[in-house]
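Enquirer:
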Amino acid sequence: MEEKSKKDHRVLLNQGEENELEVFGYQTQNLRRAFCLVVSVLTCGVLLLVFYWRPQWSVWTSCIPCLLEEADTILLRTTDEFQRYIRKKVMCLHLSALKFPISKNPEQPLVADSHSVINQAVLKPELKLRCIQVQKIRYVWDNVEKSFQKVGLLADSYSCYDIHHMFGLGLTNEEQEVRRLVCGPNAIEVEIQPVWKLLIKQVLNPFYVFQAFTLTLWLSQGYIPYSVAIIILTVLSIVLSVYDLRQQSVKLHNLVEAHNKVQVKIIVKDKGESIPVTKTPLPRVEDSMPWKSHSAEDYRKHVLFCGTEVIQVKPPGQGPVRAVVLQTGYNTAKGDLVRSILYPRPLNFKLYSDAFKFIVFLACLGLVGFFYGLGVYVYHGVSPGETAAMALLLLTVTVPPVLPAALTTGIMYAQKRLAKKKIFCISPQRINMCGQINLVCFDKTGTLTEDGLDLWGTVPTADNCFQAVHSFTSGKALAWSPLCAAMASCHSLILLDGTIQGDPLDLKMFEGTAWIMEDRNVDYCDFRTSDSNIIIKPGPKASWSPVEAITILRQFPFSSSLQRMSVVAQLAGEGHFHVYMKGAPEMLARFCRSETVPKNFPQELRNYTVQGFRVIALAHKALSMGKISEVESLSREKVESELTFLGLLIMENRLKKQTRPVLKELNEARVRTVMVTGDNLQTAITVAKNSEMIPPGSQVILVEANEPEEPVPASVTWQLVENQDSGPGINETYINIGNSSVPAGEKGSCFHFAMSGRSYQVLFQHFNSLLPKILVNGTIFARMSPGQKSSLVEEFQKLNYYVGMCGDGANDCGALKMAHAGISLSEQEASVASPFTSKTANIECVPQLIKEGRAALVSSFGVFKYLTMYGIIQFIGTSLLYWQLQLFGNYQYIMQDIAITLMVCLTMSSTHAYPKLAPYRPAGQLLSPPLLLSVLLNTCFTCIVQICVFLYVKQQPWYCEVYRYSECFLDNLSNFSTNMSLGRNWTGNATLIPGSILSFESTSLWPITTINCITVAFIFSKGKPFRKPIYTNYIFSLLLISALGITVFIFFSDFQDIYQGMELIPTITSWRVSILVATLIQFCVAFFVEDAILQNRELWLLIKKTFGFYSKSQYRNWQKKLAEDSTWPPTNRTDYSGDGKNGFYVNRGYESPEQIPTGKLGWGGQTTEQHFWTRL
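Using my numbering, read the sequence shown as starting at 10 and increasing by one per residue.
1. Which parts of the region 399-437 are runs of the beta strand (DSSP E), unbroken and 3 residues or longer, counting only runs that do not cross its ends?
2. Per DSSP, what kind of secondary structure is Gln24 in: helix, strand or coil?
3. Apply the 10 Å Cβ neighbour rule to Phe365 and answer buried if 16 or more other Cβ atoms are within range, or exposed otherwise.
4. Measure from the alpha carbon of Met567 to the alpha carbon of each residue in Gly390, His311 and Val1082, then state which is nearest.
5. With distance defined between alpha-carbon atoms, name the residue in Gln620, Arg293 and Val218 nearest to Ser168.
6. Count the CB pairs spanning the region 1050-1065 and the region 871-883 that are closer than 8 Å, and state whether there are at least three.
7. Would you kindly check if the distance between the Cβ of Val709 and the Cβ of Ser768 is under 7 Å?
8. Check each candidate in Ala631, Cys601, Ser644 and Ile659 and name the one with the smallest Cα separation from Val619.
9. Please classify Leu227 as buried or exposed, where buried requires at least 16 other C-beta atoms within 10 Å of its C-beta.
10. Answer with buried or exposed for Gly582, where buried requires no fewer than 16 other C-beta atoms within 10 angstroms of its C-beta.
11. Hey, Gly1199 and Trp524 are a contact pair by Cβ (cut 8 Å); roughly how many whole angstroms apart?
12. In angstroms with no decimal places, state the Cα-to-Cα distance between Ile73 and Lys155.
13. Can you look up Trp1137 in the DSSP assignment and give me helix, strand or coil?
14. Cβ of Gly886 within 7 Å of Cβ of Thr1018?
15. For Val9, which residues of its own chain have a beta-carbon under 8 Å away from its beta-carbon, when the five flanking residues on both sides are left out?
16. Which term fits Thr996, buried or exposed, when burial requires 16 or more other beta carbons within 10 angstroms of its beta carbon?
17. Am I right that Glu1099 and Ile1020 are in contact with their C-beta atoms under 8 Å? What's the rounded C-beta distance?
18. Could you pull the DSSP bridge partners for Trp727 from this structure?
19. By the three-class DSSP mapping on this structure, what secondary structure does Cys75 have?
20. Taking three-plus beta-carbon pairs below 8 Å as touching, is the region 436-449 in contact with the region 600-613?
21. Can you give me the C-alpha to C-alpha distance between Gln24 and Thr70, rounded to a whole angstrom?
22. Determine the extent of the alpha helix (DSSP H) in which Phe773 is found, giving its start and end residues.
23. Give me, in chain order, the residues of the same chain whose beta-carbon lies closer than 8 Å to that of Ala631; leave out the 5 immediate sequence neighbours on both sides.
24. In terms of residue numbering, what span does the alpha helix (DSSP H) encompassing Ser943 cover?
25. Run through the region 447-480 for me and flag every whole beta strand (DSSP E) of 3 or more residues, listed as ranges in chain order.
26. DSSP three-state call for Thr846: helix, strand or coil?
27. Please give me, in chain order, every unbroken run of the alpha helix (DSSP H) with length at least 4 that falls completely inside the region 648-727.
28. Please report how far the alpha carbon of Gly656 lies from the alpha carbon of Met574, in whole angstroms.
29. DSSP on Phe897, reduced to helix/strand/coil?
30. So, is Met596 buried or exposed, given that buried needs 16 or more other C-beta atoms within 10 angstroms?
31. By how many angstroms is the C-alpha of Leu825 removed from the C-alpha of Lys270?
32. CB-CB under 6 Å to Trp1182, same chain, minus the five flanking residues each way: which ones, in chain order?
33. Just to confirm, are Ile127 and Gly338 a CB contact at a threshold of 7 Å?
34. What is the DSSP secondary structure of Ser1083, reduced to helix, strand or coil?
35. Flag this pair as yes or no: are the beta carbons of Cys815 and Thr456 separated by less than 7 Å?
36. Hey, which unbroken runs of the beta strand (DSSP E) at 3 residues or more fall wholly within the region 541-587?
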């Protein structure tokens, strides 16, 4: 019973999806709510502020857990590593508000679809339903399933017959109104965030709240100048952030608004596509198979996506073209993209989590100071008010209020430098993350290679043999032949406003024939074709043709899963029809009669693909039927069979000139490069070799995985791809199925795995525990779908790679969003999903972004270390003075806080990135040994020097306790002298004066703390290898020299006005020199330790090796394991998955992870590598 209660209190929302949420039900208790309200008033709103930061606490204090069907408040928690909470109120929708009467009979459905969630959500006779709105999506409470269900979309379980039968005639007016009320408006509306909302969100940031408390305290103590400076800087920072957020909101609003209007006028220009694509009607078949499954991977050809512009309509038969709404509003693919921008996934970057821990540590240090100050002042009997104020003052010293502004400034500098290089950023926080990138995935076409394809030639066939190549570069027109007819007609081009539009490949192929496309007119009426058919005829530059024109009667569009397209056409003057087909050569050959395919077809195909050419095959057959009505009823299976092979069309896709040098630069910097493309695998391998993504001399192992087929389980085959010099100018690649293997001496990093998207999917499903082994050396992933690209990026991230993704198309959107740093080379939809957009359409932006990311990351670390040390330096000095109830003077603080620290923070990060990428990355963690030791050792040096000076000054013969005899001392100070002799036997009121400033201790400590602030700024401003040398940052260098000069001048000057203004006491020259020498020694020791030890990479590598410390990154561990495995990489063998009973390869990571003990769930489990058939 208790288990059932827990289950009814908690359910999963969007189970298995990226935005999966846990849902908990709560009921508001008025008594608890009143108590929270009283406490909020008594704490002056502090409790409300805490509830704003932690919404779950608000729910837990004012509500009690209950069944979800009884809840009025819902608490949602993300199931990712961040475990974020969202509070939502349950809304009630009343159908009685509709203008027409609704049946209250429970047996009578509200909508025609009896299985619709709407019927199950509405309570009768009350006619109401409960719902919540989460991230723009509406969920209604399903009274049957006892869970919240998404509305505004058609279930995937419907068959083609169901959709035609149930929705083919449209919805009644009443049903439309019901659906409109329940599902909400069918619109993607992005609200422009009001400035006041953005402002409140920024101001209520916990750090700004602490900053407000700090500044209020400082102002109350009269420390006005620095407080005002910080206020101005903070206001500017907040205003800039609000302006930036507002601009992004306006930009997104305008972008969505511009694309929300859909013209319903089927050739369409699909959303995300730069060229028109053809959509086909949903087939009328009477089976129970879900409509998506019926169309397999090709279901998209029936779908008009949100934002689609309908250019042209061709009704397949009689009557109008009808469309059924699948998804509405934010449920659409476009809505999902907009939601991902509005509610981005939090950045899981170590720097930000470590920074929070560091700030907590500094706050704890401040808390220690608070109790120390409290104890000292209470001990001396100071009034409670002043004691509390002084103790709180010490609490605020350790956490510098300038920290957020300083870190923001560094990012702004990096963003500005990137903008100068035409790289624009919509997520500035990701710039630091770019400094950790160690793997970059590249799309191929348009990214590594040029956008367009150039015609190279055709290889026709005759008498079952390939003929001489026709080269397009010769300038000679293509002679008439069935091959020419296929090139002229087998495409999806359209004529729009007198311009031919369509796929660039189709356009190039058509242009190669020198034929033209025209609107149908009366001259061709004897074709007996409908008005919408396309007429193609020879152009003035075309070779002689016996055919006057060709009409395309029917089209079976290209599909990436089918890898082919075909058309039914009619030649002018003929009474019968022809079928022309084009597609991937390997696929098309299967549909041709074997006697028409040349015997040397595989060798000829390989001869071109290994040279990086794009190869398309063409085929033809004549149809005996003579009626157009018969053509309309033809199935694709009947059309695409028993064809005659016509030949090959060869197209070349050149590498961009920047590709090879950029990949070489990344390789030298040890940034791994991977190709993720939708193109042919063999072409991808060749492009990878030509671009030297795969270095010369490296081995390529082809991984081919197959789905299980009874009685054979899923299998994975490893084939070695070798190079042979087969003639002058040709570097042929072939699949070796012999017994050769990777030479023992070349194992390690010299081999690269290549696979197709289909093989990747099989590995992901059936060999998941094998996948990491392949990914650490996987370089080429071809024929990858958009979903597979995203999945691959995620799998790389699971191996602890910091992944960059560079692409230029809408099919890269998912991967661009998923990557740590997505870089779009397009300004279309891909740029909206991508954090970075390059106006320069080549991959030079990738190393530039990594350089700037590394520089920004090192700058952030430097600023953070500096501000930490600045807080600690002031904390130690102030704590020492607190011992005798003293403080530094206001102008002494101003010199440190404004003239040095504030200026340092504004200029330290402006150092430019180093022009050459180093072969290693900067540290990615604040809580790393070098950084912690740096702060710890510098703290020790500071502590030693300040304590020694504080104690040693008391031993000087001229020393006196000025803070006890301040009135007497001031009376005697009229005779100003830098070498005056001060005795110890002062007379006067020998009592401690709280908050006094004048003393030999403060005079001696101030120059030490000030110069220390300057020296640590210099020490932490590391230049090479990630940033240019410090002297190239002219403003920063000038600032440090000026600050040092002014400090020394003030300390050594003999001007009474300066000393009185700075509240210092003149001391003998030898003492001043001693202090200067002490600071110099401290600087030299700190600089040596930082530069020669803590920043010495070779030393740390030696220490790690000596003590056996290894990287915790998954990919490093795998590399180490595989390097020690003599059987890896496998070559020329086949492995099988199975249930383990017969010793087959067992996929422990995918098949049944819950049944395997944690200790046995290692990735590297040993497998039995024997042949499956031998086992049988």
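Even glycine gets a Cβ: it sits at the ideal position worked out from N, Cα and C. Everything numeric in this text was worked out from a predicted model, so none of it was measured.
Expert: Result, derived from the coordinates:
1. 432-434
2. coil
3. exposed
4. One detail in the question is off: residue 567 reads as Phe in this sequence, not Met. Comparing Cα positions, the closest option is His311.
5. Arg293
6. no
7. no
8. Ile659
9. Per the sequence shown, the amino acid found at residue 227 is Trp instead of Leu. With 16 or more Cβ atoms within 10 Å of its Cβ, Trp227 is classed as buried.
10. exposed
11. The structure shown does not extend to residue 1199, since the chain spans only 10 to 1185, so no value can be given for it.
12. 20 Å
13. coil
14. yes
15. The structure shown does not extend to residue 9, since the chain is modelled only from 10 to 1185, so the question has no answer here.
16. Residue confidence for Thr996 is low, a pLDDT of 37 falling below 50, so the modelled location carries little weight and cannot support an answer.
17. Rounded, the Cβ-Cβ distance is 16 Å, inconsistent with contact.
18. Val712 and Arg1142
19. coil
20. no
21. 28 Å
22. Gly766 to His775
23. His585, Phe586, His587 and Val588
24. Pro938 to Tyr961
25. 448-451 and 463-471
26. strand
27. 668-677 and 690-699
28. 16 Å
29. coil
30. exposed
31. Any reading at Lys270 needs caution, since the residue's pLDDT is 49, under 50, leaving its predicted position unreliable; the model's value is listed next. Roughly 26 Å between the two C-alpha positions.
32. Low confidence applies here, because Trp1182 scores a pLDDT of 32, under 50, leaving its location unreliable and the question unanswered by this model.
33. no
34. helix
35. yes
36. 543-547, 559-568 and 573-580
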